[in-house]
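There are 2 protein chains.
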Amino acid sequence: MDGPSDHDDFADRLQRHGVTLTHQRLEIAAVLFRTMEHLSADQILARVNARNAQVSKATVYNTLKLFLEKGLLREVIVDPDRVFYDPNVAPHHHLYDVTTGHLTDIPAEAITLARLPQLPDGMVVEGVDIVIRTRPLNPP
Amino acid sequence: MDGPSDHDDFADRLQRHGVTLTHQRLEIAAVLFRTMEHLSADQILARVNARNAQVSKATVYNTLKLFLEKGLLREVIVDPDRVFYDPNVAPHHHLYDVTTGHLTDIPAEAITLARLPQLPDGMVVEGVDIVIRTRPLNPP
DNA sequence: ATGCAATATTAGACATGATCCAAATGCGCG
DNA sequence: CGCGCATTTGGATCATGTCTAATATTGCAT
Ligand SMILES: [Mn+2]
Ligand SMILES: [Mn+2]
Ligand SMILES: [Zn+2]
Ligand SMILES: [Zn+2]
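Below is the structure:
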């Protein structure tokens, strides 16, 4: 499941993005890229320290910021209380289960916008975020 | 500009939504509904106390929560650090200037999405939030 | 009007996510 | 080995937002 090849893939990935390798960064990368889930900083900290060793909160935040800068991650802002970190950097959108807080990817091609609105002058689109909030169909 | 008719309009609006009137609630409603801007709790607190009297932080949060429950407002989650309160409760989407943090409404009709993705079984759409992140076209 | 119970407001304590800091550690290389 | 620089770290600090328990106001019956 967790062979040396996985580990090397993560190492390559970090290096290709200009991130110098450290033990902690590899641990964090493993947590994020092995399951490709959307996780909060707290969840990442817990998982990293559950599997292996002691990585500090400060290092988790430092590393997430670094990974963001290097384009290894993106943020998803859907919950007012915490940021989710998304290991999928391909353009895509999200289903957000408001009861569980769980995020699911929607491929960009699965949604087509017709008639993008006209932008104010001199403004350019940096990105489009679509969140479809869902909940279980109410049982009485 | 700020005649008694405005004030009465706000009062009517609150009462039609089942909100019992208080001086503080009317002040907060005036700040929100007079300019229809997207404001954070902090900004609302500052504006309320700039124009008139002393309304406490607790009351601002209490009132915003009440207005949300009563359908007078909605939240907009685009900034990891603070919630914006939106006095426009009609279905619509947003332009988000990432450099200034300023939000602008896009009428729901201005965007059409084709091919909504298929939802997991027993799940129903609660809402769709579209945020178009923009920035000034600026070569430094 | 007066009294009374329910509702609303408030100051300040508290919770939480996230950032900052200054010290300690680790690493690459001469 | 030892030096210089990047990285890590605990703990302090900050910012939004919530809670509490006391006070003030309101609506209403008498
Ligand atoms: Mn925050
Ligand atoms: Mn918060
Ligand atoms: Zn995603
Ligand atoms: Zn809006």
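Those protein sequence lines, which keep their order, are chains B and A.
Counting from 1 along the first sequence, just add 377 to a position and that's the residue number in my numbering.
Counting from 1 along the second sequence, just add 377 to a position and that's the residue number in my numbering.
Where a beta carbon is used, it is the ideal one built from N, C-alpha and C, also for glycine.
- For A:D506, the C-beta contacts it makes with chain B under 9 Å involve V455, Y473, D506, I507, V508, I509, R510, in order along the chain.
- Identification of residues in the region 406–422 of chain A having a C-beta nearer than 7 Å to some C-beta of chain B yields an empty set.
- The beta carbon of B:L490 sits closer than 8 Å to some beta carbon of chain A.
- Nearest to B:T477 by C-alpha distance, out of B:T511, B:V453, B:P494, B:Y462, is B:T511.
- Annotation for A:R411: the continuous alpha helix (DSSP H) segment containing it runs 400–412.
- Under the 10 Å beta carbon count, A:P513 is surrounded by fewer than 16 other beta carbons and is classified as exposed.
- CA-CA distance, A:D456 to B:V475, rounds to 18 Å.
- Using a CB distance below 7 Å, the part of the region 474–488 of chain B facing chain A consists of V475, I483, A487, I488, ordered along the chain.
- Per the CB criterion, closer than 5 Å to any heavy atom of ligand 4, the qualifying residues run in chain order as A:D463, A:N465, A:D482.
- Take A:D506, set aside five residues on each side of it, and no residue of its chain has a beta-carbon closer than 6 Å to its own.
- Membership of B:I421 in the alpha helix (DSSP H) is indicated by the continuous run 418–428.
- In this structure, B:L480 has its beta carbon less than 7 Å from a heavy atom of ligand 3.
- In this structure, A:V425 lies away from A:L449, with their beta-carbon atoms at least 8 Å apart.
- Of the candidates A:S417, A:P497, A:T412, A:D463, A:P497 places its Cα closest to the Cα of B:I483.
- For B:P464, the closest Cβ of chain A is not nearer than 8 Å.
- Contact between B:A418 and B:V453 is absent: CB atoms are separated by about 13 Å, not below the 8 Å threshold.
- Nearest CB-CB separation between A:E503 and chain B: below the 8 Å threshold.
- Runs of alpha helix (DSSP H) with 4 or more residues, each lying fully within the region 417–499 of chain A, are found at 418–428, 434–446, listed in chain order.
- The beta-carbon distance between B:P464 and B:L409, rounded to whole angstroms, is 4 Å. This is short enough to meet the 8 Å contact definition.
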